[in-house]
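> Protein chains in written order, with the numbering used here: chain P, 1 to 116; chain A, 1001 to 1894.
The C-beta atom is built at its ideal place from N, Cα and C for all residues, glycine as well.
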Amino acid sequence: MAAPPLPLLPGTLDVLVLAALEPGLRHGYDVAEWIRERSEETLQVDDGALYTSLHRLEKRGLLASEWGMSESNRRAKFYRLTAEGTRRLDEESRSWSRYAAAVFRVLGNRAQTAGT
Amino acid sequence: MTEPGWRRLFRIAAFRSDAHRDLSEELEFHRWRTVQGLVAKGWTEADAQREARRRFGDRERYLREMERIDKRRLRMEGWTMWMADRWSDLRISLRSVARQPGFAAAVILTFALGIGANAALFGIVDRLILQPPAHIQDADQVVQLEVERTFLGRVIRSESMAWEDYLDAAEVAGFSGVGGYSSFGLTLGEGMGARRINAVFATHDLFPTLGVTPHMGRFYGPDEDGFGAPLVAVLGYDLWAGQYGGDQGILGTTVRIAGAPYTVVGVAPRGFTGMELERVDAWLPMRPAKVATDGDDTWFSGRGYHWVRLAVRFRDADSRQATLDQATALHLAGYQESIDEGRYDPNARLVTQPLVAALGPDSPPGDRVALWLAGVSALVLLIACANVANLLLARSLRRRRESAVRLALGISPWRLVEQNVLDTLVLAFMGGATGLAMAFWGGSALRSRLVPDVDWTGASDGRVVAFTIGVSALAGLVSAVAPGVMALRQRLSGALAHGSRGAGSGSRIRAALTLGQAALATLLLVGAGLFIQSMSSARQTDMGFDVDHVVAVDVEPSSEMSGVELKDFFSRAEQTLSTIPFVQAVGATGSPWGWGFGERLAAEGLDSIPRTPAGGPYYHRVTAGYFPAMGLRVIQGRGLEEADFGGAPVAVLNETMADLLWPGQDPLGKCLYTGPGNDLPCTQVVGVTAYAHRGGVVEEEAPQYYLTLTAQEDDDPRALQVRVSGDPDVAAPQIVQSLYAGLSGLRHVRARPMRAVIDPDFREWRMGMTVFTLFGVLALLVAGVGLYSLLAFDVAERRREFGIRLALGASADGLRARVLYRAMALAGAGVTLGLAAAFALAPRAGDLLFETSPRDPMVFLGAAAVLLAAGAMAGVLPARRATQVAPSEALKLE
């Protein structure tokens, strides 16, 4: 019944990952689940792409990682936002909202009706 | 972190396999959770596994990417940590500098002196020897062509060739470019505002050969370099900026050079000096300009005048020799007539002189002196490093307790060494920066004193800075060796013991360093002494005329004159000069200082004139006042007198010529036959003079003779020699003024005391003397301070011992004597070593000296005396301190 999942536009995955980590310390599986649920299965993300994004963001200093115990008592790698990461999340969210709003405006009625 | 960051850097390799393991574990966890979640929703295990793999995506690609990302991250982190460690080390070093400012200042100053001296000299050596002249493209393809031939049994190389030789070279296909050039001093402008400039006559093809582009306008082309072409000129940058204020509208204006009008068509780029290093004020097209200056084209006809230097660029690097052979063949063909007559060497050949001066035996002596100076300044740096090492050792010895404790607490000895080395490097760079500032500030003074003619604007400061950085690093590392070795050999037990004595390997090294400094200082002082001796001998050389009372005067008439008109002009000049009260005698000559003319000559009773290696015989055509003006010493017969002018031709020979023509006989009354043609009248010899130098302080004695200059001969007068009572430096400007006032038709006058005229010859000895003395004194100071600090440290270390001795009844004088004895022993040993080194090395400098034996005993003794005196002075204060210890206080020290 739901429309087929859409591939992500390049660059959006990083914002989503940052947003996923806003609440706090999370491991990669949680992040994947969070995105899937929140987008109601609309967005299609390769797990491999997700982890690549996590590593890339860590390299850029937007995330910090540490090893810890998961709920199931297995070792897992947890990520959290750094101060720089939080700042970038705010920036990107704002940009995204403006972008999406602009696209919506241009498309006008078409966008509204296609939403159902 | 006690562990130096270096280790961490090396451990990154280990990290990499850890990183791989971590990644696998992370992804495995994800796969496990995914499968778990699916199974919980009812999937079968197998389906769940498959779904998990599908959801992951292209595993290979993602894994590769992530590994790449991780590697880069780890590398960056490793670097950051390493940098953070180095930064904290640096801060520790800077703090220790601030904590002991006195010590730091001493070290920095020592480094500054050593490094600064090297930087200053490097600038000079670099410009003179290492770098080609500025603005030449691919300078290694450009060379100067010279002729090497055998003349009277000796092989000589001449840079200057005939005009026709240039034309021959231009035809050789193997040269992609040929240019001819020749520099002359000419007058710019007229009257009181006129000035002497260094003008270069250059063929138009010189500029494309060198590959230089003008700063403004253009260089002249082939049309403008033809006989009879309208005169154009290219101004040198400094002349344009200075004399003409950098006038942007200079192109198209006219300047008067040697009386002829030249239209300015361009300005040369800053620092362009052609193939040489002297500043060039104007570039003039060779053909029309030389003809205009001389009034005729004599210098372009035949191959008798050698005045053109050739610059050539090779088309092809591989066929250089073949090209040279071809050029040689052409050259020899041009001189065939002379070869057939036996006057030219049939084996003569064309050879090349590279732009960057050769360092071999053919290199000009000025360059070799520059190299010597570089060696000297390296020595001074060595002394400075030894001094710093000494100071550092002293400090580390003082701190050996503290070091021992740190070692006991677990710090690795390498860490101590690293800190020491870093401290020293920091001080070295601070000293280097100070030294560089000193070099820039004092460098221009040094250059203008040592090598005044060279144009320094093309020199590269960047290279000097790079050199200074390198030398500072080297100096720091060298200075840190001895203390570093000491730090590594720290023995815990010995250092922690109470009241440890100062003896041991530490103070032995320090004594050795001080000894080395004293030896080097002695060596430098010997060098200074030798050059001072040379300079003084050179200055006292008997030139054969009265150098201290003669002023050389050049007068230039404002219109072209020759023959009778010119002679009349000169005789009016002589008259004007005679009216000046302090002028005692005036004479004119056709061959001023440095000039020499030969002519067809036959002598009574001889089939031909014997040849000498010094060349000649050279003749001087002079007026009546010449002999009294110059103060030539007549040793037989008489000089030229008034009566000789207008009567039968007479000649006065110099003793060399008299010995050459008629050895053992009386030359008076014999006949010379001068000039071309047959049936020549007898020019009777009426006198013989002592040898008078013709063009240099050091020259081979050449046969010369003096003839009358009257209206009859073809020879022109060229300069006036004026004898003055009183100081010639004061007289010269007055002479100039009087001539401008009293002589009509005068374009330009230049008057210089003869001392100034011959001065350039002294340049090398003056250079050697200045630098060796400067550096010798420097080295002496540094060594003296080193000796003082060594003794002072010793005395401080042994305070307890001295106190006990005094308490037990030792005499204060005895103690003082002990300290002084130590000082003299060290100084004496250093002197001995230094003298031995000087004895061995000095003969190498033999040909740089003038009439001074390289092993002159007075110089050696003098240097030794100076150093021993310095040693005694260094020991006085510590000796006094040694006896100022109150015994009770000394006993209390632990």
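1) Which residues bound the beta strand (DSSP E) around I1257 of chain A?
2) Could one say the Cβ of R1073 of chain A lies closer than 7 Å to chain P's Cβ atoms, at least one of them?
3) Quick one: what's got a C-beta closer than 7 Å to V1771 of chain A's C-beta in the same chain, skipping five residues either side?
4) Where does P1878 of chain A sit, in a helix, a strand or coil, going by DSSP?
5) List, from N- to C-terminal side, the alpha helix (DSSP H) runs of 4 residues or more that fit wholly inside the region 1503-1563 of chain A.
6) For S1182 of chain A, list the residues DSSP reports as bridge partners.
7) Among the candidates A:N1420, A:F1201 and A:C1385, whose CA atom is the shortest distance from the CA of R1400 of chain A?
8) Can we say the region 1790-1798 of chain A touches the region 1520-1527 of chain A, given the rule of at least three CB pairs closer than 8 Å?
9) When DSSP labels each residue in this structure, what does R1303 of chain A get in the three-state scheme?
10) The beta strand (DSSP E) that contains A1603 of chain A, what's its start and end?
11) Could you check which residue in A:G1189, A:G1304 and A:H1693 has the C-alpha nearest to that of T1254 of chain A?
12) What residues in the region 1426-1445 of chain A have a beta carbon less than 8 Å from any beta carbon of chain P?
13) Suppose you measure from the CA of L1152 of chain A to the CA of G1616 of chain A; what does that come to, to the nearest Å?
14) Ignore the nearest five residues each way along the sequence and tell me which others in F1314 of chain A's own chain have a CB closer than 6 Å to its CB.
15) Do L1739 of chain A and P1703 of chain A count as a contact pair if the criterion is CB distance below 7 Å?
16) Report whether the distance from the Cβ of G1236 of chain A to the nearest heavy atom of the ligand SAM is below 6 Å.
17) Mind checking which residues open and close the alpha helix (DSSP H) that includes T12 of chain P?
18) Which class does N1654 of chain A belong to by DSSP, given the choice of helix, strand or coil?
19) Indicate the three-state DSSP secondary structure (helix, strand or coil) for G1177 of chain A in the structure shown.
20) Looking only at its own chain, which residues have a Cβ that is under 8 Å from the Cβ of G1590 of chain A, when we skip the five neighbours before and after it?
21) Per DSSP, what are the beta-bridge partners of M1216 of chain A in this structure?
22) For chain P, is any of its Cβ atoms less than 7 Å away from the one on G1057 of chain A?
23) Cutting at 7 Å between CB atoms, please list the residues of its own chain near F1839 of chain A, excluding the five before and the five after it.
24) The region 44-56 of chain P: which residues have C-beta closer than 8 Å to a C-beta of chain A, in chain order?
25) From the beta carbon of F1029 of chain A, is the nearest beta carbon of chain P less than 7 Å away?
26) Starting from R88 of chain P, find everything on chain A with Cβ-Cβ shorter than 7 Å and list it in chain order.
27) Would you say A76 of chain P lies against chain A (beta-carbon separation less than 7 Å)?
28) CA-CA distance, A1906 of chain A and L1826 of chain A?
29) Less than 8 Å between the CB atoms is what I'm expecting for Y1181 of chain A and G1274 of chain A, so what's the real figure, rounded?
30) Can you give me the start and stop residues for the beta strand (DSSP E) that A1588 of chain A sits inside?
31) Which chain P residues are close to R1033 of chain A, counting only those with a beta carbon under 7 Å from its beta carbon?
32) Would you say I1066 of chain A faces chain P, with C-beta separation under 7 Å as the test?
33) Taking R1611 of chain A as part of the alpha helix (DSSP H), name the residues at either end of that continuous run.
34) If you reduce the DSSP assignment to three classes, tell me which class K1670 of chain A lands in.
35) Write down the C-beta distance between L1446 of chain A and P1133 of chain A rounded to the nearest angstrom, noting that I regard them as a contact closer than 8 Å.
36) Please give me, in chain order, every unbroken run of the alpha helix (DSSP H) with length at least 4 that falls completely inside the region 1412-1455 of chain A.
Put simply:
1) By one-based count along the second sequence, residue 1257 of chain A stands at place 257. Unbroken beta strand (DSSP E) run through I1257 of chain A: T1254 to I1257.
2) For the purposes of this step, residue 1073 of chain A is taken as residue 73 along the second sequence, with counting starting at 1. Closer than 7 Å: yes.
3) The sequence position of residue 1771 of chain A within the second sequence is 771, counting from 1. Non-local C-beta neighbours of V1771 of chain A in its own chain, meaning closer than 7 Å and more than five positions away in sequence, comprise L1373 and V1376, ordered along the chain.
4) Mapped onto the second sequence, residue 1878 of chain A falls at position 878. Note: P1878 of chain A maps to helix in three-state DSSP.
5) Runs found: 1505-1539.
6) Locating residue 1182 of chain A in the second sequence gives position 182, where the first residue counts as 1. When beta bridges are read from the DSSP output, S1182 of chain A appears opposite A:F1201.
7) Residue mapping note: residue 1400 of chain A aligns to position 400 of the second sequence, counting from 1. Of the candidates A:N1420, A:F1201 and A:C1385, the residue whose Cα lies closest to the Cα of R1400 of chain A is A:N1420.
8) Not touching, per the Cβ criterion.
9) Position 303 of the second sequence, counted from the start, is the residue given in the question as residue 1303 of chain A. R1303 of chain A falls in the coil class under three-state DSSP.
10) Within the second sequence, the letter at position 603 stands for residue 1603 of chain A. In the DSSP assignment, A1603 of chain A falls within the beta strand (DSSP E) that extends over L1601 to A1603.
11) Mapped onto the second sequence, residue 1254 of chain A falls at position 254. The shortest C-alpha separation from T1254 of chain A is found at A:G1189.
12) So nothing in the stretch comes that close.
13) The sequence position of residue 1152 of chain A within the second sequence is 152, counting from 1. The sequence position of residue 1616 of chain A within the second sequence is 616, counting from 1. Taking the straight line from one Cα to the other gives about 12 Å.
14) In the second sequence, residue 1314 of chain A corresponds to position 314, counting from 1. Within the same chain, F1314 of chain A has close Cβ partners Q1141 and R1320.
15) As a position in the second sequence, residue 1703 of chain A is number 703, starting the count at 1. As a position in the second sequence, residue 1739 of chain A is number 739, starting the count at 1. The Cβ-Cβ distance between P1703 of chain A and L1739 of chain A does not fall below 7 Å.
16) Because no ligand of any kind appears in the structure shown, any question about the ligand SAM cannot be addressed here.
17) Locating residue 12 of chain P in the first sequence gives position 12, counting from the first residue. Looking at the DSSP string, the run of the alpha helix (DSSP H) that includes T12 of chain P is T12 to A20.
18) Residue 1654 of chain A sits at position 654 when you count from the first residue of the second sequence. N1654 of chain A falls in the strand class under three-state DSSP.
19) Walking along the second sequence from the start, residue 1177 of chain A turns up at place 177. In the structure shown, G1177 of chain A sits in a strand (DSSP, three-state: E or B).
20) One-based indexing of the second sequence puts residue 1590 of chain A at position 590. F1597, H1620, R1621, V1622, L1709, D1715, D1716, P1717 and R1718, listed in sequence order.
21) One-based indexing of the second sequence puts residue 1216 of chain A at position 216. Looking at the DSSP assignment, M1216 of chain A forms a beta bridge with A:V1267.
22) Translated into the one-based positions of the second sequence, residue 1057 of chain A becomes position 57. G1057 of chain A counts as touching chain P.
23) Residue numbering aside, residue 1839 of chain A sits at position 839 when the second sequence is read from its first letter. Once the five neighbours on either side are set aside, the close Cβ partners of F1839 of chain A are R1855.
24) The region 44-56 of chain P vs chain A, Cβ under 8 Å: D46, D47, G48, A49, Y51, T52, H55 and R56.
25) If you number the second sequence from 1, residue 1029 of chain A lands on position 29. Yes, its Cβ sits closer than 7 Å to a Cβ of chain P.
26) Translated into positions along the first sequence, residue 88 of chain P becomes position 88. Here the premise fails: no neighbours, minimum Cβ distance about 17 Å.
27) Here residue 76 of chain P corresponds to residue number 76 of the first sequence, with the count starting at 1. It does; some Cβ of chain A falls within 7 Å.
28) No answer is possible for residue 1906 of chain A: it lies beyond the span of chain A, which begins at 1001 and ends at 1894.
29) Reading the second sequence from its first residue, position 181 is the one you call residue 1181 of chain A. Reading the second sequence from its first residue, position 274 is the one you call residue 1274 of chain A. So it is a contact: roughly 6 Å between Cβ atoms.
30) Mapped onto the second sequence, residue 1588 of chain A falls at position 588. Residue range V1583 to T1589 is occupied by the beta strand (DSSP E) that includes A1588 of chain A.
31) Translated into positions along the second sequence, residue 1033 of chain A becomes position 33. The answer, in chain order, is Y29.
32) To locate residue 1066 of chain A, count along the second sequence from 1; it is residue 66. In the sequence on display, residue 1066 of chain A carries Met and not Ile. At least one CB atom of chain P sits nearer than 7 Å to the CB of M1066 of chain A.
33) Indexing the second sequence from 1 puts residue 1611 of chain A at position 611. In the DSSP assignment, R1611 of chain A falls outside any alpha helix (DSSP H) and carries neither an H nor an E.
34) For this step, residue 1670 of chain A is matched to residue 670 along the second sequence. Secondary structure of K1670 of chain A (DSSP, three-state): coil.
35) Reading the second sequence from its first residue, position 446 is the one you call residue 1446 of chain A. Reading the second sequence from its first residue, position 133 is the one you call residue 1133 of chain A. With a Cβ gap of about 21 Å, L1446 of chain A and P1133 of chain A do not count as contacting.
36) If we require 4 residues or more, the alpha helix (DSSP H) runs fully inside the region 1412-1455 of chain A come out as 1413-1450.
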